[in-house]
Every structure is written in structure tokens, then in C-alpha cells.
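Numbering-wise, this note's numbering comes out as the position in the sequence shown, counting from 1, plus 14.
This report concerns only the one structure given below.
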Amino acid sequence: MIKVSVIIPVYNSEKYLRECLDSIINQTLKEIEIICIDDGSTDNSLDILKSYAAKDRRIIILQQRNLGAGAARNAGLKIAKSKYLSFLDADDFFEKNMLKKAYDKCELDKAQICVFRSKEFDNKDKKFLLMTWSIRKRFLPRKIPFSPIDISKHIFQVFNGWAWDKLYDREFIQQNKLRFQEIRTTNDAYFVFTANVLASRITVLNDILAYHRVNTNTSLSVTREKSWDCCYKAITAIKRELIKQSLYDVYKQSYINWALHFCIWNACTLKGNSKKYLLESLQEKYSKEFEFNNYLSEFYYDKNEYAIYQEILKNGHNAKLNGILYWRIYKYYLDFGIVLTIKHLINKLYRRRK
Numbered sequence: 015m016i017k018v019s020v021i022i023p024v025y026n027s028e029k030y031l032r033e034c035l036d037s038i039i040n041q042t043l044k045e046i047e048i049i050c051i052d053d054g055s056t057d058n059s060l061d062i063l064k065s066y067a068a069k070d071r072r073i074i075i076l077q078q079r080n081l082g083a084g085a086a087r088n089a090g091l092k093i094a095k096s097k098y099l100s101f102l103d104a105d106d107f108f109e110k111n112m113l114k115k116a117y118d119k120c121e122l123d124k125a126q127i128c129v130f131r132s133k134e135f136d137n138k139d140k141k142f143l144l145m146t147w148s149i150r151k152r153f154l155p156r157k158i159p160f161s162p163i164d165i166s167k168h169i170f171q172v173f174n175g176w177a178w179d180k181l182y183d184r185e186f187i188q189q190n191k192l193r194f195q196e197i198r199t200t201n202d203a204y205f206v207f208t209a210n211v212l213a214s215r216i217t218v219l220n221d222i223l224a225y226h227r228v229n230t231n232t233s234l235s236v237t238r239e240k241s242w243d244c245c246y247k248a249i250t251a252i253k254r255e256l257i258k259q260s261l262y263d264v265y266k267q268s269y270i271n272w273a274l275h276f277c278i279w280n281a282c283t284l285k286g287n288s289k290k291y292l293l294e295s296l297q298e299k300y301s302k303e304f305e306f307n308n309y310l311s312e313f314y315y316d317k318n319e320y321a322i323y324q325e326i327l328k329n330g331h332n333a334k335l336n337g338i339l340y341w342r343i344y345k346y347y348l349d350f351g352i353v354l355t356i357k358h359l360i361n362k363l364y365r366r367r368k
């Protein structure tokens with residue numbers, strides 16, 4: 015029996031593909047199929063895939079014209095035969111026991127989704143970086159596995175909207191007809207967040223099992239300027255699905271907080287005209303469409319984000335986003351659970367000076 019189908023979109027990944035494939039073919043879980051979808055690569059990626067497939071019968075190669083990672087993952091989904099699904103990226107690499115640990119955890123907890131921890135690998139400096147925010151412990155319930163309703167106020171905050179640090183029950187995915195959006199970037203957010211709210215049992219592994227490569231020239235994340243509106247397409251699709259499933263009112267606060275956060279994050283990390291277009295859209299269109307204006311500041315989890323949003327509403331593409339520096343520092347320390355300590359020390363110092 016094939017226990018896990020590993021689905022890997024591949025596009026011009028020759029620099030990192032061998033390291034990725036080595037970390038998968040040497041997994042301690044041997045009962046796997048490795049479905050690699052070449053997405054119209056123009057480098058030597060396809061030749062590398064063929065050389066590995068010639069040595070390992072578990073590797074299946076599909077080819078398509080350049081349609082994007084979402085379409086590639088969907089192509090892999092169509093032919094997957096396993097009990098569980100793993101969606102990995104061709105420039106990342108993984109612990110050799112990743113699939114075994116995630117598979118065993120799903121079996122033990124009868125879970126439809128297993129989420130595990132990860133680290134960033136800075137490709138420029140060749141350093142590993144902590145990703146404490148990949149699983150936000152403060153939002154997890156005491157009892158694991160859990161249902162999304164157990165953390166209804168934070169189901170969109172507890173995990174990130176990418177698929178490579180999760181294992182999915184294939185039958186659950188098929189029954190709910192879940193597919194990836196076929197858009198240039200942010201193509202996994204709809205799949206991931208919709209699965210999170212539809213699952214009845216989600217489990218968590220505290221082990222670091224995946225290494226996400228950053229600071230590469232080949233990653234789609236560095237070309238988001240060409241697809242600045244993909245965040246809007248993802249947020250819209252998720253809202254539409256929540257309404258369709260009669261779950262919008264259940265997860266409304268968590269969803270709206272995430273949607274605002276995601277818009278602001280995109281606005282603060284884009285440049286040039288893309289930044290301008292997104293800020294104008296947030297001011298003129300998204301604020302109404304996603305109900306950002308319908309609630310007072312108390313509704314929002316991050317008051318600094320809300321303040322940034324008010325600045326955008328007032329000034330559009332001329333908004334001064336200097337607060338983003340404080341916002342990033344705040345988020346970083348919040349995940350280490352020491353913000354209250356810092357605030358206490360600041361207040362104490364202020365009282366002394368006074």
C-alpha cells in the first residue's frame with residue numbers, strides 16, 4: 015500500500031532540486047510515491063527528474079506547459095493513490111523521518127491534517143533561522159487533536175497558509191473536492207485555510223521536520239510585483255467558500271483579522287506600482303468588500319495593524335507605513351511570549367523617570 019503521495023511542482027529548480035529529491039527518496043517511510051510535475055522548466059530540471067526516476071521506480075514524472083504551482087499540484091492530485099498527501103516545494107529539503115513521523119501521528123490521532131514545525135534556510139548566508147511563527151502555540155487548545163471550532167477565534171492565525179509543512183488525508187481532500195487555486199502566487203492559501211475549517215480532527219507535531227529555503231532568485235515570492243492582486247483572489251475565494259459551507263459567521267472574526275493582516279503584509283512588502291495599486295484597492299474596494307470598516311478597533315487582534323489600516327484609508331497610496339518596523343518587531347517578540355515582560359519593563363522605567 016502506498017502510504018503517502020509526495021507531490022512536487024518543479025519549475026527551473028536545477029540549483030536545489032537534487033537536495034530536495036535526496037531528502038525525499040531517503041525518507042525512512044519507504045511506501046511512498048513521488049509525483050514530480052515539471053511546469054514547463056527551461057533549465058535542466060526535467061533532465062534531473064529523469065535521471066532520478068531511472069534509479070527510483072517510486073518517482074512519477076508529469077509534464078505540463080508553464081501553468082504555475084497550483085495547476086501542477088492539482089495535476090498531481092488527480093493521479094495520487096495513497097492514504098495521505100504531502101505537497102512539497104522543489105527548492106526546500108526535509109528531515110529523513112518527516113513523512114514517517116507525520117504519517118504515524120495522523121494514524122495515531124485519526125487526524126485529517128497533521129502540521130509540523132519548520133525552519134528557514136537562508137540561501138544567501140547559509141544559515142538556519144527559527145520560525146517560531148510557523149505554529150503559534152498560544153492559539154492551540156490544550157487537547158490535541160482538535161477541531162477548528164475549538165479555536166474558532168484563531169483558526170486563521172494558528173498556522174500559515176502554505177501546504178509544505180502539513181500532511182493531509184487524501185480521502186478528506188477528495189470528499190471536499192479541495193483543489194489549489196491556479197494563480198501565479200498565493201495559490202495554496204485557499205486550499206490550506208479551507209481544509210483547516212472543514213477538518214474535524216487536526217493534530218500537531220512539535221518536531222522541526224522541514225527546511226524552507228529563502229533568499230533565492232527562483233522563488234515566486236520574489237516576483238509578487240507581477241501578481242500583486244493574487245492576495246485579493248485568495249482572500250475572495252476563501253470568503254466565498256466559508257459562505258458556501260455556512261461557516262462564515264462561525265469564523266468571521268478570525269477570517270477578517272487574517273484578511274486585513276494579509277493585505278497589509280502584502281502592501282508593506284511590495285514595491286513600485288504594485289504597492290500603489292494594492293494600497294489604492296485596499297482604500298477604495300477591499301475595505302468594503304471584506305468588511306474591514308464594519309467593526310471598531312476592539313474587533314481587531316493587532317491594534318498596530320488596525321492603525322496602519324486607518325492610515326491607508328486616509329491616504330491611500332501615499333500612506334506612510336513606517337509603523338511596519340514596529341509591527342514586525344512586535345510580531346517577532348510576541349511569538350517568544352515576552353511582549354508583556356517588555357511592556358512591564360518599559361512602564362517601570364517610565365515610572366522611575368517620572
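Glycine included, every Cβ here is placed at the ideal spot set by N, Cα and C.
query, result
"List the whole-angstrom C-beta distance separating D36 from H226, where the pair is believed to meet the contact cut-off of C-beta under 8 Å.", "About 17 Å separates the two Cβ atoms, so there is no contact after all."
"Just to confirm, is the Cβ distance from S132 to D179 under 8 Å?", "yes"
"So, under 8 Å CB-CB, F101 and V129 are touching, yes? Tell me the CB distance rounded to an integer number of Å.", "Going by Cβ atoms, the distance from F101 to V129 rounds to 13 Å, so no, they are not a contact pair."
"Taking the CB atoms as reference points, tell me whether P159 and R215 lie closer together than 8 Å.", "yes"
"Three or more C-beta pairs under 8 Å: does that hold for the stretch 189-197 against the stretch 86-101?", "yes"
"With distances taken between CB atoms, is the gap from A177 to V206 smaller than 8 Å?", "yes"
"Quick one: what's got a C-beta closer than 6 Å to E325's C-beta in the same chain, skipping five residues either side?", "A333"
"Give a yes or no on whether the C-beta atoms belonging to Q41 and L113 are separated by under 8 Å.", "yes"
"Going by DSSP, what residue range makes up the beta strand (DSSP E) through I6?", "Past the boundaries of the shown model lies residue 6; the chain is included only from 15 to 368, so the question cannot be answered."
"In terms of residue numbering, what span does the alpha helix (DSSP H) encompassing T250 cover?", "C244 to K258"
"Which residues bound the alpha helix (DSSP H) around H275?", "Y262 to T283"
"On the three-state DSSP scale, how would you describe S235?", "Below a pLDDT of 50, predicted positions are generally treated as unreliable, and S235, at 47, falls in that range; no measurement from the model is reported."
"Can you list, in chain order, the residues of its chain whose CB lies under 6 Å from that of M15, leaving out five sequence neighbours each side?", "none"
"Going by beta carbon distance, what residues of the same chain come within less than 6 Å of N190, once the five residues before and after it are set aside?", "L212"
"Would you identify the three-state DSSP class for S27, choosing helix, strand or coil?", "coil"
"If you draw a straight line from the alpha carbon of E33 to that of G54, how long is it in whole angstroms?", "20 Å"
"Which partner residues does F131 have in the DSSP bridge list?", "A quick correction: the sequence has Arg, not Phe, at residue 131. R131 pairs with I222."
"Whether or not the stretch 48-68 and the stretch 142-149 are in contact is what I'm after, with contact meaning three or more pairs of Cβ atoms, one per stretch, closer than 8 Å; do they touch?", "no"
"Where does the unbroken beta strand (DSSP E) through D183 begin, and where does it stop?", "K180 to D183"
"From K97 to I21, what does the alpha carbon distance come to, in whole angstroms?", "13 Å"
"Check whether the Cβ atoms of N271 and Y204 sit closer than 8 Å, and answer yes or no.", "no"
"For K398, does the three-state DSSP call read helix, strand or coil?", "Outside the modelled stretch of the chain, which goes from 15 to 368, sits residue 398, for which no answer is possible."
"If S148 sits next to Y265, beta carbons under 8 Å apart, how far is it from one beta carbon to the other, in whole angstroms?", "At roughly 21 Å, the Cβ-Cβ gap does not stay under 8 Å, so S148 and Y265 are not in contact."
"Taking the straight line between their C-alpha atoms, what separation do you get for N308 and Q267?", "11 Å"
"Considering only their Cβ atoms, is the gap separating Q77 from A85 smaller than 8 Å?", "no"
"In whole angstroms, what is the alpha-carbon distance linking I163 and I169?", "8 Å"
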